[in-house]
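Protein chains in written order, with this note's numbering: chain Z, 23 to 227; chain B, 3 to 161.
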C-alpha cells in the first residue's frame, strides 16, 4: 500500500515540461537553473544558425555561448512583445553579423563532420554519384563548395538562406528576427538563391 | 513565386544537405553548464565594476546622455574658470572674514610683518604672529580668538 502511494506520488512529482514563459519569468529573477533549461532548449538551433553563417565550428561555439550570456544579462529588458525564442535569435544574429563584419577578409573554414546518415540520403546519392565516382570524396567536395558559396553572399542574404532553406523557418519568422518586412525577406531570398545557383552550377545541371 | 520555387528546387535540396553537418557527438552535453558557469563568474566580477560599466553602457546606448554629460562637465569647468578669474570674488570673502574676527593677526599693522635686522646685520628676527592651526577643525573654520601669538626667530646657519 505504502509502495503504491510512493509510486503514485513519484509519478505526480515528475518534473513536467515547464512552459517557456514560466522559465523566462524565473530566469529574470536570477534563477540560473531555469535559464539552464532555456539554454538546453535552444542551444542546438542557435549553434546551427551561427555555424551556417560562419562556417567555423570554434567561432560558432564562442558566439553561441556569448549570445546566451548576453541574453541572460539583457533578460530584464525582454518585454515579451515577441517570443523568447525570436528575441534570443535576434541577439544571436546581431552578434554574428557584427562578428562577421570584424572578421571580413579573414575567412577560415572549420567545418563539422558530415552526418553518417547523409551517405544514405537518396537525393544526395543521385546528386553526387553523377559527378564523382567516389561518393565520400563527392560529399566532402560538395560540403566545401556549398560553404564557400554561402560565404560569398552578403550577411543579410546569407542569413535569409540559412534561416529559410537550411533551417526551414517561415518568411514571417525571418522578418521578425531580422526586423524587416516580408517583402524584403522574399527579395533577399530570391537574389541569394540566384547567386548560389550560379556558384553551384556544376552540381545543379 | 511558385515558378521561382520550382526553379530553385535542386538548390534547396543541396542546401538541406547543410543540416547534415553536425558538431562532434556529446558536444552539447556540457554546453549549458559552460554558459551558466560563465554567467556566475561574470556576476561576481560585475559587482566590483558595476557602476562604471553601467555608466559606459549608458553612453553606448544613449548618445544623448553622453552628450549631456559631456556638456555638463564643460559647463562646470567653464564656471570654475570664470569664477576663479573674477577679481572681486576671493578678496571680498577674505575681507569679510577678517572683519569678523579680532585675532592678533587681524589687528597687526603691516609694519609688524617687516623682518627686524640686528646690529650685526646677520641676525634675522621675526615678530610675525604665527597662529596655532592645530585646533582648527577644517580649512574653512575661522581661528579662535583666544589663540596666542608665538614669537619666532630665525638664525642664519653658520653664524
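Cβ atoms here follow ideal geometry from the backbone N, Cα and C, with glycine treated the same way.
All values reported here derive from a predicted model rather than from experimental measurement.
Do we get a CB-CB distance below 8 Å when we pair residue i with the residues of chain Z?
i: residue 20/B; result: yes
i: residue 23/B; result: yes
i: residue 12/B; result: yes
i: residue 61/B; result: no
i: residue 41/B; result: yes
i: residue 28/B; result: no
i: residue 17/B; result: yes
i: residue 54/B; result: no
i: residue 81/B; result: no
i: residue 67/B; result: no
i: residue 71/B; result: no
Output the boundary residues of the alpha helix (DSSP H) element that contains residue i.
i: residue 79/Z; result: 79 to 95
i: residue 193/Z; result: 193 to 200
i: residue 206/Z; result: 204 to 221
i: residue 190/Z; result: Per DSSP, residue 190/Z belongs to no alpha helix (DSSP H) and is neither H nor E.
i: residue 178/Z; result: 177 to 183
i: residue 48/Z; result: 42 to 50
i: residue 105/Z; result: Counting along the chain, residue 105/Z falls outside any alpha helix (DSSP H), and DSSP gives it neither H nor E.
i: residue 65/B; result: 65 to 87
i: residue 62/Z; result: 54 to 76
i: residue 17/B; result: 11 to 18
Who are the Cβ neighbours of residue i in its own chain at under 8 Å, not counting the five residues just before and after it?
i: residue 214/Z; result: 175, 179, 180, 182 and 183
i: residue 60/B; result: 67 and 68
Leaving aside the five residues before and after residue i along the sequence, list all residues of the same chain whose C-beta is less than 6 Å from its C-beta, in chain order.
i: residue 67/Z; result: none
i: residue 22/B; result: none
i: residue 228/Z; result: The structure shown has nothing for residue 228/Z, since chain Z only spans 23 to 227.
i: residue 41/Z; result: none
i: residue 163/B; result: No statement about residue 163/B is possible, as the shown extent of chain B runs from 3 to 161 and does not include it.
i: residue 57/Z; result: 49 and 94
i: residue 69/Z; result: 82 and 86
Flag residue i as yes if its beta-carbon sits less than 8 Å from any beta-carbon of chain B, otherwise no.
i: residue 163/Z; result: no
i: residue 225/Z; result: yes
i: residue 188/Z; result: yes
i: residue 62/Z; result: yes
i: residue 57/Z; result: yes
i: residue 50/Z; result: no
i: residue 157/Z; result: Low per-residue confidence applies at residue 157/Z: pLDDT is 49, beneath 50, and the placement is therefore not dependable enough to give any value.
i: residue 193/Z; result: no
i: residue 122/Z; result: no
i: residue 107/Z; result: no
i: residue 44/Z; result: no
i: residue 69/Z; result: yes
i: residue 27/Z; result: Residue placement at residue 27/Z is flagged as unreliable, the pLDDT there being 47, under the threshold of 50; the coordinate-derived value follows with that caveat. Not one chain B Cβ lies under 8 Å of residue 27/Z.
i: residue 80/Z; result: no
i: residue 66/Z; result: yes
i: residue 132/Z; result: no
i: residue 41/Z; result: no
i: residue 54/Z; result: yes
i: residue 222/Z; result: yes
Against chain A, with Cβ distances strictly below 8 Å, would residue i count as a contact?
i: residue 84/B; result: Of the protein chains in the structure, Z and B, none is chain A.
Going along the chain, which residues of its own chain have a beta-carbon closer than 7 Å to the beta-carbon of residue i, five neighbours each way excluded?
i: residue 87/B; result: none
i: residue 90/Z; result: 61
i: residue 72/Z; result: 82, 85, 86, 114 and 118
i: residue 50/Z; result: 97 and 98
i: residue 64/Z; result: 107 and 110
i: residue 203/Z; result: 197
Beta carbons nearer than 8 Å to chain B: which residues of the stretch 89 to 104 of chain Z have them? For the stretch 89 to 104 of chain Z, residues whose beta-carbon sits nearer than 8 Å to a beta-carbon of chain B comprise 90, 91, 94 and 95.
So if I threshold CB-CB distances at 9 Å, which residues from the stretch 169 to 184 of chain Z count as touching chain B? Within the stretch 169 to 184 of chain Z, the qualifying residues are 169, 172, 183 and 184.
Closer than 8 Å, Cβ to any Cβ of chain B: which residues of the stretch 204 to 220 of chain Z, in chain order? Listed by position along the chain: 208, 212, 215, 218 and 219.
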